[in-house]
Amino acid sequence: MTNECGVPESLIALQRTLNAAAEEARARGSSPEDWRPWVEAAAVAENAFAEHAAAAGVSADKVRSAAERAARGLPAHTDPEERPD
């Protein structure tokens, strides 16, 4: 299942998990051990974004950006060239 920006809900959930891991790491401190869960979650997320991007024929950056925006409840990014004058 995908949302309005075409990103599967599974990737949005993965981004939310990544966001939560970052918040927890910030609360714990700045040591490498504090950030290990985030680093691991980020690696999983990046691989998932890249796989989806390759299958969809778009850039991983576009998928990542759309997932980040959707995870924060923001509307899908509109390409400036597609905006009406």
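Start counting at 1 in the sequence shown, then tack on 746, and there's your number in this note's numbering.
Idealized CB from N, CA, C, for every residue including glycine.
By the criterion of a C-beta distance shorter than 6 Å, Ala796 is surrounded in its chain by Ala806, once the five residues flanking it on both sides are discounted. Sixteen is the threshold: since fewer than 16 other Cβ atoms of the shown chains lie within 10 Å of the Cβ of Arg774, the residue is exposed.
Non-local C-beta neighbours of Asn765 in its own chain, meaning closer than 7 Å and more than five positions away in sequence, comprise Ala817, ordered along the chain. For Asp780, the closest of Glu770, Leu820, Leu760 by C-alpha to C-alpha distance is Glu770. Distance between Gly752 and Ile758, taken at the CA atoms: about 11 Å.
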